[in-house]
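Input: a single structure, listed below in structure tokens.
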Amino acid sequence: MKESPLQQMNLGKITTVAIRELPLLHTIDLRVAPSTKSFEAVTEALGINLPGKTGQFLTKPIPSEDEALALCLAPDWWLILGYQKAEHTLDKLRLNDEYHFSFVDVSGQRTTIELEGPNAQDVLAHLWDQDLREKNFPVGSVSQGLMAKAPVIICHIAPHRYYVIVRSSFALHLWSALSDAAVEWI
Amino acid sequence: MLYIPCPYCGLRNETEFHYGAEAGVGYPDPNTLTDDEWAKYIHIRANPKGWLAERWVHFAGCSRWFNLWRNTVTHEIGPAYLPFTEQPKAPSNIGQEEQKA
Amino acid sequence: MTNTNQILTPGTIGRRRAAIIPEQPPQLWKSVKPKKAYDIVIVGGGGHGLATAYYLAKNHGLTNIAVVEKGWLAGGNAARNTTIIRSNYLWDESASIYEHSLKLWETLEEDLGYEMFFSQRGVLTLAHSVSDVRSKRRNLYANALNGIDSEWLTPQEVKKLVPIINISEDVRYPVHGATYQPRGGIAKHDWVAWGYAKAASDLGVDIIQGTEVTGFDIRNNKVQGVHTSQGTIATGKVGLVAAGHSSILANLAGFSIPIQSRPLQALVSPLLEQVLNTVVMSGAVHVYVSQAHKGELVMGAGTDAFNSYAQRGGFHVVEHQLAAALELFPIFSRAQVLRTWGGIVDIAPDASPIIGLTPVENLFINAGWGTGGFKATPGSGWVMAHTMANGTPHKLNKPFALDRFATGHLIDEHGAAGVAH
Amino acid sequence: MSEIKFIFDDITYKGHHGEPMSAALLRSGLLTITNSTYHGRPRGIIGLGVEEPNAIVQLISDTKESMRPATVIEVADGLHVSSLTGVGALPEAPDEARYDKTNHYVDTLVIGAGVAGLKAAHEHLQLGRKVLLIDDQPKPGGHLLHLGMNLPSVLLDIFTNENLTYVPRCTAIGLYDQNYIVAVERRSDHLGEAAPAERARIRVWHIRADKVVLAPGAFQRPLIFANNDRPGIMLSHAAATYVAVYKVASFRQAIVATIDNQGYRDALRLHEAGVKIEGIYDVRQIASGPSIDAAKAAGIPIRFRTAVIDTLANEKGACTKVILSDIDTNETFERSADLLAVSGGWTPIADLPTYIGIKPQWSAKHAAFLVNHTTDILQTAGMLAGEFGGDDDPAIFFGPTLNDEQSRVAYIDFQRDATLHDLKRAVGAGLQSIEHIKRYTTIGTAHDQGKTSGMLTIGALWQLNNSTEGKNHSLSPADIGTLSFRPPYIPVPFAALAGRERGPLSDPIRISPLHQWHVAAGAEFEDVGQWKRPWYFPKTGESMDQAVRRECIAARKGVAIMDASTLGKIDIQGPDAAVFLDRIYTNMFSTLPEGQCRYGLMCKADGIVFDDGVTTRLGKNHFLMTTTTGGAARVLAWLEEWLQTEWPDLKVYCTSVTEHIATIALVGPKSRELLQELVTDINISKDAFPFMHSRNTTIDGIQVRIARISFSGELAFEINVTHSYAKHIWERLWTLGRRYELTPYGTETMHVLRAEKGYIIIGQDTDGTQTPYDLNMSWIVSKKKEFIGKRSFQLPYLQASGRPQLVGLLPEDIDEIIPEGAYITLYSAQADEDGKTPHTGFVTSSYHSPEMGRAFALALIADGLNRLGEIVSIPIGKKVLSATICDAVFIDKENLRRD
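Listed below in structure tokens is the structure:
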């Protein structure tokens, strides 16, 4: 019954660059001020370990969820991907005015495109005007910005492997832009 | 393409930001102001030649507002600082004081 | 007046001699050192300042006037714009002043005795969406009631007028129609300013270049003189006509104005055979293009988002502009960008100018023309001269008073003008 | 180097693959390339690279491209070129080439792969830095290439360093703030027919470097004398390079005119290549240095204090004789030569640093403007920094004194045919600033942007000033000032700068999860911002009007369905969420009970309406705001701005969920009946589920939230579901809806339905000048609280009488749909003598209403609410329509139908 914006499209080859959609990752948007009572209560209830610095992400932030990722997008803003059972753990906290946080299921808001291969960075550099050098964007980094005028989030997942997380309404446009940028490698 | 230091995300191209004009103009109590004073709050912002403390928001990144010293003649970028924190001195002033010391 | 109606088929291999440019006159203006006193000092030797001086002399018989320019004459926005002339503005107040200006344009070459390549080749303003069409057509109906020539063209009619435009539905934002003002057009910007300078100089106005105004002698809230890098000049009246630097001058005189100074860029191509005989504007996709008399394409880009006095903008603005232009004119693909440049434009909150009195007696201001100042040059000078000579605004600039921001009576041309030129 | 053939002006020439076209043409003996733009004089090649003012040609191979210097075109098989006379032409065929852009961040960017640039690259590599080296030539070496010399091994070694990225054929065109450089790489033209199809023809590089080293080199200057533009007169460095390196054997006898030792070096090279040097004529009193010694040793005649004053030509216009003048005695004499090689000194390429406001400084020693600039981030090197190599010793001399007749043919800007006479005329006209003189004479405005003529102009003006009445002898060229350079450094095709932003990629197309369904259903689309929204769904053969009428009737009489997913949605949470909304909206939200919805209006601080939408209270501290489609980003930014910069004490978080939630509007009297078939968990009857209430439930086990919201006045349900299930829900409704003749509708029908109810569309019924009062919405302005914009309602003009107010209009002719945007006048108003007719408002929305069976409109009319019943005129061209002002609510004023 579910459909993702790109219907698991893929192109390219791993010897240069392989591009494919990782569809339907369950995604939670969490807003809470760090070093507060609310932060402690929320992270404890979720059983999650959050990266502390804007621009970093953690793999395996939840011991029970192998595939999950926690991205820190601003000092009080995280995106948690791949954590299925998160919602209900916070119901009690929501009703208590002492706690101030926001927790929103945004699974449909974006989809994820993976680029993998030795030329992945070359393809990105054609569309992405941020610094991708190892010293400024090592593995474990996440960044928001505009790619082909579409708002995206980029994660450097592993050497030669990136996620581009794009707003659903822009997904097809971004796919076209990536296909075009990759034309000399695919 | 200015290279603007977001206090949270680091240096980013200007196309990721929106401009918010002069910094430090607080929302006044509207009911205590004359029409002239209210018009001034709504419409008038500093427009100097030289260093200007101004507001920017990193809309394509962390979505945070911050303030920045920038020179409107040379496009030099000075220190960034967060709203509701103490404003650092204008860069030229910093230079002068260092010379005195 | 010049009107080149012949359009070559695009793609003819060029072996053409360029159009001959008429020689400049052997005498232009005298550059002089300032006297100790003048009846009137105009601060700013751009098109508007020179036009003000000219009309003060011609219409009001006031010739003991100095135009004081910080740099070289007409070296600011007068030298940096895309020369588009039109009057089809939305609001009555704007339409009236711009139409007055256009009428002056129509006789300006004869009036000044100076060739300025004024060419009424028509201005097209394109619409690209349902809502764009709606607002453009509203403009048209407003213009009709204001007696301004303006008509609606279908995409096919646009194509007939501009054969090189792409009206297919394949482009990202297709052409859904356009307003057309046949009396609109272009003129050669430098020559316009020079024509005014020469005519004013001939009438006895002193043109003083390389002289910066550093302050004002104001006593009892009344201006008595201007301090300059060449000493103090006593004067009875001062007009601030220094687009881009209006805030600085107002601050020197002790008051604030709601103006922000922004970079606005433009660009030009090398000489090309004539392919475009009409001015084409599109606010929605940010294209402003005409082909000048010699053959170069002249294009306006957008304003940068931040305040600046640097006379340069970001290159991304130019790149975006060219991408948009190619959507409409695929034929431009191999045209080259020869030169880009930036001006500093005064932007007022309602995208309309401020012309009139200031809180200081006998000190007058003319500012805030934003991206549209060139076309207003004659009209602006005319009403500014009237205002300064009489001490009260002309009926055409009365609505553009500084106090409108406190009364709330704004003339909001944002919707109509966009970043339009 | 393999031999290739290319065509120039329909004649086939031979050349070596990769060499400059100018070299191949010269080798074939072709001296005259074109005629000049205005004077029609024969002109030939004078330079070596982008400084070339004469040999500007047009590529014909593939897509035509005008205005390319023959000195920078590398010949390849299949090349086809024609000459131009200074006026280019545009191609008629579409440009099939690809253009791309890339972004590059690097420790050190070195611009120029001459010796200075290579040395800088070497140094920075030694420091362990990553270096990007860009150069406009096909091979590294710069000057050394022109001399036919190899790189020293220490510089050659850098090309094997893995920290070096070397990009040839890549020209920096702009230097911008914070070390941002734009460069243009030519990637396929030089390959000719062998270029791979997928390869981008030109790549634009956006480079940000921690440090930039500028080593751009210099151009040699011509000299000003009468008839200095004849074919056969060349820059000495270019002439010597063509002869010595490119084996051009077309010249037999050369004269070298010089102001520096470079002339001697070039004379030697010509001499060694077998060209007879008739003599070196040097304007200086005396000269010394290794090159002078070598020239003497080679037996080349040398004469000092002598300058070229004029030349003579053969019937083809090429230079045959040179008239020289003794500077001290003014005695003239004539010499024969088929090559006049001139060395007027070097002009370092100062363009890039001046783009960011760095001013070149005059150096008398170098007879040149230099930029010797070193900061932590930017450094100049090589000739630009004054490293001329030590054996130049130039005179500050730009040409001999010429009479009026001579100065009319003494060219300064070859391409613009601007002469010394023009310059004198400009000065005579009273012009002082070099910028005025440039504009008066048009010097420096042509394709080469004054690369050779700029410094000549400064020099000539300086000489003119110095010669007048013997005064001003203390002036230097620096007192004349420099001409402003403007990016780009070389002309760049529009297509290259547009890059990949072409066609659908020129601006993102945003689509809803139901887009493909709409496409399959044959929808016509409307652009709303970046969104594609279904406009209407025509059945075969149906016009837009017919489709919209059918859709309207379905919504009013049966059931219809619309995709409202593009509306902006913002999740708002926190203990102060309600307080926050009270400040943002003009009306109260803290009183809204949980599970209910309320329409809200927001203003900017100036009191002008800027967005609207329905906000639902999902929980005590939890709201979901909807915004207009176009306003989504704007409104979220607005909320964040107030929270972050004014009210940091408010505990509120805002999160965009625009694309997470898809919204399906089910509209019409039969909507409940249809929905009932799918929704079984909750009671959706009128009493159990009242208007402006919201309920969570499931459809097929899928979580949905249904709200009783109506933008049509009909009974309606908005079904909100996550993006990934949207299509399933829509298709289920569609399948079940067959029995009800469920009809999809688009934005046009939505507009008709809402207008019949007098509901506004922000941006259509408003134009950025309306207060809520102007929209007859005083009911939505709370008197009990502060909110943004409230203070402005007290401004005199905002509360003045006579402001335009939103009302309805009924045209006299019930079938006449008044055009939207039409202006309204008093009944039977006439134009005054100025041709102006006073108006009293304008039409914002106008449609045919199938429900009423007539046309109707909404309008903003001065004092309109007090003028109900008045008949007004609407002039449309020559026609004048009549209409009656009425209330803006046309249908169901009692709101009975929505339940």
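Residue numbers (the working numbering), protein chains in the order written: chain A, 1 to 186; chain B, 187 to 287; chain C, 288 to 708; chain D, 709 to 1607.
Note that beta-carbon positions come from the ideal geometry of N, C-alpha and C, so glycine has one too.
If you're wondering where the values come from, they're calculated on a predicted model, not measured in any experiment.
(request) Taking R31/A as the query, report the chain F residues whose CB atoms sit under 7 Å from its CB, ordered along the chain. (result) Looking for chain F here will not work: the only protein chains present are A, B, C and D.
(request) Confirm, please, whether the CB-CB distance from G108/A to H1431/D is below 9 Å. (result) yes
(request) Within its chain, find whatever has a CB closer than 8 Å to the CB of E284/B; leave out the 5 residues flanking it on each side and keep chain order. (result) At E284/B, the pLDDT of 41 sits below 50, so the modelled position is not reliable; the number obtained from the coordinates is stated separately. Within the same chain, E284/B has no close Cβ partners at all.
(request) Consider the Cβ of P297/C: report whether some Cβ of chain D lies at a distance smaller than 9 Å. (result) Any reading at P297/C must be qualified, since the residue scores a pLDDT of 40, below 50, and its modelled position is unreliable; the value itself is stated next. So yes, P297/C belongs to the interface.
(request) Identify each residue in the stretch 14–40 of chain A for which the Cβ-Cβ distance to at least one residue of chain D is less than 7 Å, and report them in chain order. (result) L24, D29 and R31
(message) One question on the structure: do L1205/D and V585/C come within less than 9 Å of each other, judged by their Cβ atoms?
(response) no
(request) Spell out whether any CB of chain D is found under 9 Å from the CB atom of A125/A. (result) yes
(message) Within 9 Å of any Cβ in chain A, is that where the Cβ of D1290/D sits?
(response) no
(request) Let me know if L95/A comes out buried or exposed under the rule of 16 or more other beta-carbons within 10 Å of its beta-carbon. (result) exposed
(request) Determine the direct distance from the alpha carbon of E1234/D to that of K1240/D, and round the result to whole angstroms. (result) 6 Å
(message) Using only the alpha-carbon positions, how far apart do P214/B and K1312/D sit?
(response) 15 Å
(message) Could you compute how far the alpha carbon of Y1453/D sits from the alpha carbon of F101/A?
(response) 39 Å
(message) Alpha carbons only, please: which of L1589/D, I1035/D and T1028/D is nearest the one belonging to E1042/D?
(response) T1028/D
(message) Closer than 8 Å between beta carbons: that is the criterion. Which residues of the stretch 1494–1506 of chain D meet it against chain B?
(response) E1494, K1498, R1499, S1500, Q1502, L1503 and P1504
(message) So, for I347/C: in the same chain, excluding its five sequence neighbours on each side, which residues have a beta-carbon less than 7 Å away from its beta-carbon?
(response) Contrary to the premise, residue 347/C reads as His rather than Ile in this sequence. So the qualifying residues of the chain are A672 and A676.
(request) Identify the contact partners of A597/C in chain B, using a Cβ-Cβ distance below 8 Å as the criterion. (result) T258, V259, T260 and H261
(request) Tell me where the beta strand (DSSP E) around I764/D begins and ends. (result) I764 to L767
(message) Can you tell me whether T1299/D is helix, strand or coil according to DSSP?
(response) coil
(request) Mind checking which residues open and close the alpha helix (DSSP H) that includes T1552/D? (result) Where T1552/D is concerned, there is no enclosing alpha helix (DSSP H), although the beta strand (DSSP E) it sits in stretches over G1549 to S1557.
(message) As an exercise, report each continuous beta strand (DSSP E) stretch of at least 3 residues that is fully enclosed by the stretch 1084–1109 of chain D, in chain order.
(response) 1086–1088
(message) Just to confirm the assignment: which complete alpha helix (DSSP H) runs, minimum length 4, are found wholly within the stretch 1179–1259 of chain D?
(response) 1185–1188, 1202–1206 and 1223–1228
(request) Please confirm if Q547/C has its CB atom under 9 Å from at least one CB of chain B. (result) yes
(request) Count the other CB atoms, across all protein chains shown, that sit within 10 Å of the CB of S1486/D; report buried if there are 16 or more and exposed otherwise. (result) exposed
(message) Please give me, in chain order, every unbroken run of the alpha helix (DSSP H) with length at least 4 that falls completely inside the stretch 1128–1183 of chain D.
(response) 1128–1136, 1142–1149 and 1161–1175
(request) Assign M568/C to buried or exposed, taking buried as 16 or more other Cβ atoms, counted over all protein chains shown, within 10 Å of its Cβ. (result) buried
(request) Verify whether the separation of the beta carbon atoms of G512/C and F503/C is less than 9 Å. (result) yes
(request) Just the chain A side, please: which residues come within less than 8 Å of Y194/B by C-beta, in chain order? (result) T54, G55, A74 and P75
(message) Please list, in chain order, the chain B residues whose beta carbon lies closer than 8 Å to that of L146/A.
(response) T201, E202 and A246
(request) Could you tell me the boundaries of the alpha helix (DSSP H) in which R1342/D lies? (result) A1340 to T1353
(request) State yes or no: is the C-beta of R751/D nearer than 8 Å to some heavy atom of the ligand ATP? (result) For the structure depicted, the ligand ATP is absent and the ligand set is empty, with no information on it obtainable.
(message) Helix, strand or coil for E184/A? Go by DSSP, reduced to three states.
(response) coil
(message) I'd like the list of long-range same chain contacts for I1010/D, defined as Cβ closer than 6 Å, with 5 residues on each side in sequence excluded.
(response) I988
(message) Check whether chain D comes within 9 Å of A225/B, counting only Cβ atoms and requiring the distance to be less than that.
(response) yes
(message) Checking 9 Å against the spacing of the C-beta atoms, do R1413/D and T1405/D come in under that value?
(response) yes
(request) Answer with yes or no whether the minimum CB distance from S143/A to chain B is below 9 Å. (result) yes
(request) For E1177/D, count neighbouring C-beta atoms within 10 Å of its own C-beta (all shown protein chains included) and say buried if the count is 16 or more, exposed if not. (result) Since pLDDT at E1177/D reaches only 49, below the 50 mark, its modelled position is unreliable, and the value read off the structure follows with that caveat. That one is exposed.
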